[in-house]
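Asker:
Numbering (my numbering), first residue to last: 9 to 251.
#1: Would residue 156 and residue 69 qualify as a contact pair, given that the criterion is a beta-carbon distance under 9 Å?
#2: Need the endpoints of the alpha helix (DSSP H) that residue 136 sits in, please.
#3: Just how far apart, CA to CA, sit residue 200 and residue 34?
#4: With three or more beta-carbon pairs closer than 8 Å as the criterion, would you say the region 194-209 touches the region 174-185?
#5: For the alpha helix (DSSP H) that contains residue 49, what are its first and last residues?
#6: Where in the region 137-187 do unbroken runs of the alpha helix (DSSP H), each at least 4 residues long, occur, reported from the N-terminal end onward?
#7: How about residue 66 and residue 220: do their beta carbons lie closer than 9 Å?
#8: Could you tell me which of 226, 52, 141 and 241 sits nearest to residue 39, measuring between CA atoms?
#9: CB-CB under 7 Å to residue 111, same chain, minus the five flanking residues each way: which ones, in chain order?
#10: What do you get for residue 55, buried or exposed, if any count of 16 or more other CB atoms within 10 angstroms of its CB means buried?
#11: Between the C-alpha atoms of residue 195 and residue 18, what's the straight-line distance to the nearest angstrom?
#12: If you draw a straight line from the alpha carbon of residue 225 to that of residue 231, how long is it in whole angstroms?
#13: So which of 119, 118, 116 and 145 has the shortest CA-CA distance to residue 130?
#14: The alpha helix (DSSP H) that contains residue 233, what's its start and end?
#15: Could you compute how far the alpha carbon of residue 162 sits from the alpha carbon of residue 20?
#16: I think residue 122 touches residue 151, with their Cβ atoms under 8 Å apart; what is that distance to the nearest whole Å?
#17: Is the beta carbon of residue 223 sitting closer than 9 Å to the one on residue 139?
#18: How would you call residue 52, buried or exposed, if buried means at least 16 neighbouring beta carbons within 10 angstroms?
#19: As a quick exercise: from 227, 210, 244 and 239, pick the residue whose alpha carbon is nearest that of residue 36.
#20: From this set, 239, 218 and 233, which residue's C-alpha is nearest residue 193's C-alpha?
#21: Let me check understanding here. Comparing Cα to Cα, which of 41, 164, 72 and 47 lies closest to residue 153?
#22: Report the rounded CA-to-CA distance for residue 7 versus residue 125, giving the unit in angstroms.
#23: Measuring only the C-alpha atoms, how far is residue 58 from residue 136?
#24: Assuming residue 175 and residue 164 are in contact, meaning their beta carbons sit under 8 Å apart, how far apart are those beta carbons, in whole angstroms?
#25: Quick check on residue 45: buried or exposed, where buried means 16 or more other Cβ atoms within 10 Å of its Cβ?
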């Protein structure tokens, strides 16, 4: 990955992160002038820490959802009181292990997603938009977009605690009842999250600047990719009991 040193008069990492919220174009124009590994590492690290904190605070919600899923899976079984007691004991043990695993896996998954989606952005930037972009620049774009997820976790954590569901998003799905959310259309609607849309717009601004491409064309491609992910995710969620 080629790194370009920043000039002394350029915007620092903190300034670039803050500008993501109100002037993202300035952030990515600064990245275009110069970037380093810190441009993606610092925002991704902060996003990972906030995500772990959010997941820790919503562990009781996750445990309740897990218990409901197991209950739904065994609802048709004829179990003796002893078997039910054994099942509850096993669930209690698994709950602790699962909780620790979730907290450890969260930052790893974030890194994997950042690296993978940066690769997708590289392909879009080079082949769909015809830009001369680098993987390092795409990491910076994805890294700064992750700053939005920090605010997302801060806002959604108390809402998820209140509604006792990790599937809550800030969008039209917030107004759907549980029966509707259990359908494919409901899950599709629930996949529309204001924060995710915001992230896509920020990524689109960054990619269009670095690839020197039309913002409209860039956003069109990114939203098409996102729509495929939402549709696929809604379909896969239908196979998860208790969700």
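Note that beta-carbon positions come from the ideal geometry of N, C-alpha and C, so glycine has one too.
Answerer: On the basis of the supplied data:
#1: Against the chain shown, residue 156 aligns to sequence position 148. Against the chain shown, residue 69 aligns to sequence position 61. No, they are not a contact pair.
#2: Here residue 136 corresponds to residue number 128 of the chain shown, with the count starting at 1. Element bounds for residue 136: n/a, residue is neither H nor E.
#3: Locating residue 200 in the chain shown gives position 192, counting from the first residue. Locating residue 34 in the chain shown gives position 26, counting from the first residue. Their Cα atoms are separated by approximately 27 Å.
#4: Touching, yes, given that three or more Cβ pairs across the two stretches are closer than 8 Å.
#5: As a working mapping, residue 49 is identified with position 41 in the chain shown. Its alpha helix (DSSP H) spans residues 46-65.
#6: Correct list: 143-153 and 155-171.
#7: As a working mapping, residue 66 is identified with position 58 in the chain shown. As a working mapping, residue 220 is identified with position 212 in the chain shown. Cβ distance not < 9 Å, so residue 66 and residue 220 don't count as in contact.
#8: The residue given as residue 39 occupies position 31 in the chain shown. Closest in alpha carbon position to residue 39, among 226, 52, 141 and 241, is 141.
#9: One-based indexing of the chain shown puts residue 111 at position 103. 60, 63 and 64.
#10: On the chain shown, position 47 is the one that residue 55 refers to. By the neighbour-count rule (16 or more Cβ atoms within 10 Å), residue 55 is buried.
#11: Here residue 195 refers to the residue found at position 187 when the chain shown is read from its first residue. Here residue 18 refers to the residue found at position 10 when the chain shown is read from its first residue. Just so you know, the alpha carbons of residue 195 and residue 18 end up roughly 44 Å apart.
#12: Counting from 1 along the chain shown, the entry for residue 225 is found at position 217. Counting from 1 along the chain shown, the entry for residue 231 is found at position 223. Residue 225 and residue 231: Cα-Cα distance of roughly 10 Å.
#13: On the chain shown, residue 130 is found 122 positions in, with the first residue counted as 1. That would be 145, whose Cα lies nearest to the Cα of residue 130.
#14: Stepping through the chain shown from its first residue, residue 233 is reached at position 225. Residues 223-245.
#15: Position 154 of the chain shown, counting from 1, holds the residue named residue 162. Position 12 of the chain shown, counting from 1, holds the residue named residue 20. A direct Cα-Cα distance of roughly 24 Å separates residue 162 from residue 20.
#16: One-based indexing of the chain shown puts residue 122 at position 114. One-based indexing of the chain shown puts residue 151 at position 143. At roughly 7 Å, the Cβ-Cβ gap stays under 8 Å, so residue 122 and residue 151 are in contact.
#17: Sequence index remark: in the chain shown, residue 223 carries index 215 (1-based). Sequence index remark: in the chain shown, residue 139 carries index 131 (1-based). No. Outside cutoff.
#18: Looking up residue 52 in the chain shown gives position 44. Counting of Cβ neighbours within 10 angstroms places residue 52 among the buried residues, the total reaching 16 or more.
#19: The residue labelled residue 36 in the question sits at position 28 within the chain shown. Out of 227, 210, 244 and 239, 210 has the C-alpha closest to the C-alpha of residue 36.
#20: Numbered from 1 along the chain shown, position 185 holds the residue referred to as residue 193. Relative to residue 193, the option among 239, 218 and 233 whose CA is nearest is 239.
#21: As a first step, residue 153 must be located in the chain shown, where it is residue number 145. Comparing Cα positions, the closest option is 47.
#22: What the structure shows of the chain is the stretch from 9 to 251, and residue 7 is not part of that stretch, so it cannot be assessed.
#23: The residue given as residue 58 occupies position 50 in the chain shown. The residue given as residue 136 occupies position 128 in the chain shown. So the alpha carbons of these two residues sit roughly 34 Å apart.
#24: Locating residue 175 in the chain shown gives position 167, counting from the first residue. Locating residue 164 in the chain shown gives position 156, counting from the first residue. Taking a contact as a CB-CB distance under 8 Å, the pair residue 175 and residue 164 does not count as one, their CB atoms being some 11 Å apart.
#25: One-based indexing of the chain shown puts residue 45 at position 37. Exposed: under 16 other Cβ atoms inside 10 Å.
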